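Q: Take this structure, written in C-alpha cells, and hold onto it; I'll ask about it next.
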Amino acid sequence: MNASPSTVLIVDDTPANVRVLAEYLDGHGFTVTVAQDGEEGLERARFGCPDLILLDAMMPGWDGFETCRRLKAEPATSTIPVIFMTALSDIGDKVRAYEAGGVDYITKPFHAEEVLARINTHLSLRNMQRQLQEQNEALQREVQERQRAEQVLAERSRELARSNAELERMAYIASHDLQEPLRMVASYVQLLERRYVGQLDADAHEFIGFAVDGAKRMQALIDDLLTISRVDTKARPMQPVDLGQSLASALHSLRIAVEESQAVVEADALPVVRGDGAQLTQVFQNLLSNAIKFCQEPPRIRLSAQREGRMWRIGVADNGIGVPAEYRERIFGMFQRLHGRREYAGTGIGLAICQKIVERHGGAIWVEDAAGGGTQFVFTVPACDTEKKS
Ligand SMILES: Nc1ncnc2c1ncn2[C@@H]1O[C@H](COP(=O)(O)OP(=O)(O)O)[C@@H](O)[C@H]1O
Ligand SMILES: [Mg+2]
-7 MNASPSTVLI
3 VDDTPANVRV
13 LAEYLDGHGF
23 TVTVAQDGEE
33 GLERARFGCP
43 DLILLDAMMP
53 GWDGFETCRR
63 LKAEPATSTI
73 PVIFMTALSD
83 IGDKVRAYEA
93 GGVDYITKPF
103 HAEEVLARIN
113 THLSLRNMQR
123 QLQEQNEALQ
133 REVQERQRAE
143 QVLAERSREL
153 ARSNAELERM
163 AYIASHDLQE
173 PLRMVASYVQ
183 LLERRYVGQL
193 DADAHEFIGF
203 AVDGAKRMQA
213 LIDDLLTISR
223 VDTKARPMQP
233 VDLGQSLASA
243 LHSLRIAVEE
253 SQAVVEADAL
263 PVVRGDGAQL
273 TQVFQNLLSN
283 AIKFCQEPPR
293 IRLSAQREGR
303 MWRIGVADNG
313 IGVPAEYRER
323 IFGMFQRLHG
333 RREYAGTGIG
343 LAICQKIVER
353 HGGAIWVEDA
363 AGGGTQFVFT
373 VPACDTEKKS
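Under the working numbering, the first residue of the sequence shown carries the number -7, and numbering increases by one thereafter.
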C-alpha cells in the first residue's frame, strides 16, 4: 500500500516479551524500533516519527497511560496512533487506555496475526485521515486563493470606478471652464461684424461667418460634453416619472425644430416609470431631435410603449433616412456620426448620452427598422410598480 515501509515503535520494559512480535512484524515488511521505557519511547517518537506505537501499559517510571498522555500533548507526536498492550484483561485498564488517547488495545499473550490485523487497520485509518486532512487543506487553500482573487478584482473595479469618476470630473471642469473664453470669442467676432458692417469686404464677412459657426459648434460640443459628464455626477434619485410629461418637456424644447420641419408627432399613452425625470426628458429630446434631423421629407414620428416583465419598452419610430444595419451599434459611441456636418449638423454625442442614461436606469437601447421605412430607436426603463408587486 505504502511506497516506504511503515515504522512501528514498540515501547516495553521487557523487550524479550515482544521479541517474537517484533520479528514477526519485521518479517511482514515493517520497520520496527524498540524503546525500554516511557521516556525513551517519547524521545524516539519525537525524532523517529513512527507510523504507529505499541505501548506497554505496565512499566516502571512513566507507565503506558502517562506516556500516552505525554505523546498526545505534543503536536509532533499527538497524531501517531497508539495501541496499548495490557497483560491483564482488566476492564479498567482498557477504559484508561482509551481515556489516555489510545486507539486500541491488545492483551498478552498475543496472537501475532491479530496484532498484525489491528496494526494494518489503524494504519489504513490513519492514512485515510491524512488524505482527508490533505484534501481539506487543499480545499481551504483554494478557497483562500479565490477570496484573494476576488479581493483583487473588487479592488481593481473600485480603482476603475475611482479613475472613471475622476475623468468625468475633469471632463466636466474642462468643458465648464471652456465656456467662458468661448463666449468671449464668439461675442467679439459678432461685435466686429456689427460695428464694421460696410467697411469690410465680402471675404471678411465670410471669414467672420466661419469663425461664428466654429464658435457655435464648439458651444454645442461643450454643452453635450457637460451633459454626458453630468449623467453620473449630477444624477438624481430614481422616482416615479410620467413619461408623458417627459415627452411634453422634450417637445417644448424642440418646438422651433418641430415647427420648421413640420414634424408630426404621435404618441401612445405613455406610462409612469421609475427614473430620473430630467434625464429621461433628455433621452426623448435627443431621439426626437435625431428623428427630425435625419429626414428628407416632413418627419412623422411615432412613440409607442409596451410592457415587458418589469420593464417598459419605449419606441421612437421615424420615416427618415434609416441607419444601415452594420452601423447600429457604432452610432452609440462618442463622436460617431454617419454623415459629414455639412449634410447634417451635430456633435455625435447625443446617442452616447441616451445610452449612458438608459444604462444608469438598468435598461438597454438599440435600433430597429421602423415599420414602413425609417428607423425605430427602442429603450427600456423599469416600470414603477415592480417593487410593490414582488
Ligand atoms: N433617427 C435617425 N435616423 C437616421 N440616422 C440616425 C438617427 N439617429 C441617429 N442617427 C445616426 O447616428 C449618428 C449619431 O447620432 P447622435 O449621437 O445623436 O449624433 P448627432 O445627432 O450629433 O449626429 C448620427 O450622426 C446619425 O448618423
Ligand atoms: Mg443627435
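Just so it is clear, CB atoms sit at the ideal spot from N, CA and C, and this is done for glycine as well. Only a predicted model underlies this, so the values are computations on that prediction, with no experimental measurement involved.
What is the C-beta distance between alanine 207 and alanine 178, in whole angstroms, given that I count them as a contact (C-beta under 8 Å)?
A: 4 Å
Q: Under three-state DSSP, which class holds glutamine 368?
A: strand
Q: Just the C-alpha distance for leucine 145 and alanine 153, rounded to the nearest angstrom, thanks.
A: 12 Å
Q: On the DSSP bridge assignment, give the partners of glycine 267 in chain order.
A: Gln231
Q: Please report the distance separating the alpha-carbon of histidine 197 from that of alanine 270.
A: 40 Å
Q: Identify every residue that forms a DSSP beta bridge with methionine 176.
A: Methionine 176 is not bridged to any residue.
Q: Is it the case that the CB of asparagine 311 approaches a heavy atom of ligand 1 more closely than 6 Å?
A: no
Q: Where the beta carbon is closer than 6 Å to any heavy atom of ligand 2, which residues qualify, in chain order?
A: Residues with a Cβ closer than 6 Å to any heavy atom of ligand 2, in chain order: Asn278, Ser281, Asn282, Gly338, Gly342.
Q: With a threshold of 6 Å on Cβ separation, who are the neighbours of alanine 309 within its own chain once the five nearest residues in sequence on each side are excluded?
A: Only Arg294, Ala362, Gln368 meet the Cβ criterion.
Q: Run the proximity test for leucine 243: is its beta-carbon closer than 6 Å to any non-hydrogen atom belonging to ligand 1?
A: no
Q: Looking at valine 0: is its Cβ nearer than 7 Å to the Cβ of leucine 13?
A: no
Q: Beta-carbon separation of isoleucine 2 and leucine 44 under 7 Å?
A: no
Q: Output the residue ranges of the beta strand (DSSP E) runs that lie fully inside the segment 4 to 80 and measure 3 residues or longer, sorted by chain position.
A: 23 to 27, 44 to 48, 74 to 78
Q: May I ask you to report which of helix, strand or coil DSSP gives isoleucine 284?
A: helix
Q: Under the rule that 16 or more other beta-carbon atoms within 10 Å means buried, what is serine -4, buried or exposed?
A: Its Cβ having fewer than 16 others within 10 Å, serine -4 is exposed.
Q: Which whole-angstrom value describes the C-beta separation of serine 238 and threonine 273, a residue pair presumed to lie in contact below a C-beta threshold of 8 Å?
A: 4 Å
Q: Over what stretch of residues does the beta strand (DSSP E) that includes leucine 330 continue unbroken?
A: It is not in any beta strand (DSSP E) - leucine 330 carries neither H nor E in the DSSP assignment.
Q: For ligand 1, is there any heavy atom lying closer than 6 Å to the beta carbon of phenylalanine 286?
A: True, at least one ligand heavy atom lies under 6 Å from that Cβ.
Q: Which runs of the alpha helix (DSSP H) spanning at least 4 residues fall entirely within the segment 174 to 228, listed in chain order?
A: 194 to 225
Q: Span of the alpha helix (DSSP H) holding arginine 352?
A: 342 to 352
Q: Could you tell me the distance, in whole angstroms, from the CA atom of alanine 240 to the CA atom of leucine 246?
A: In a straight line, the C-alpha of alanine 240 is about 10 Å away from that of leucine 246.
Q: Would you call the segment 107 to 123 and the segment 133 to 148 in contact, with 3 or more CB pairs under 8 Å?
A: no
Q: Would you mind reading off the limits of the alpha helix (DSSP H) that contains valine 250?
A: 247 to 253
Q: To which residues does DSSP link aspartate 361 through a beta bridge?
A: Bridge partners of aspartate 361: Thr367.
Q: Can glutamine 330 be considered in contact with ligand 1, in the sense that its beta carbon sits closer than 6 Å to one or more heavy atoms?
A: One detail in the question is off: residue 330 reads as leucine in this sequence, not glutamine. Yes, the beta carbon of leucine 330 sits closer than 6 Å to at least one heavy atom of ligand 1.
Q: So, under 8 Å CB-CB, isoleucine 313 and leucine 343 are touching, yes? Tell me the CB distance rounded to an integer number of Å.
A: Not a contact, Cβ separation roughly 15 Å.
Q: Determine which residues share a DSSP beta bridge with glutamate 300 and list them.
A: Met303, per the DSSP bridge assignment.
Q: Excluding sequence positions up to five away, which residues of its chain have a Cβ less than 8 Å from the Cβ of lysine 348?
A: Ile220, Val223, Asp224
Q: Ignore the nearest five residues each way along the sequence and tell me which others in alanine 255's own chain have a CB closer than 7 Å to its CB.
A: Ile284, Pro290, Pro291, Ile293
Q: Secondary structure at isoleucine 323, three-state DSSP: helix, strand or coil?
A: helix
Q: Which residues in the same chain as arginine 11 place their Cβ atom closer than 6 Å to its Cβ, once the five residues preceding and following it in sequence are excluded?
A: none
Q: Use the C-beta contact count for proline 101: other C-beta atoms within 10 angstroms, 16 or more gives buried, fewer gives exposed.
A: exposed
Q: What did DSSP end up calling leucine 262 once you bin it into helix, strand or coil?
A: coil
Q: Compute the minimum distance between the beta carbon of valine 315 and the heavy atoms of ligand 1, and state whether it is under 6 Å.
A: yes
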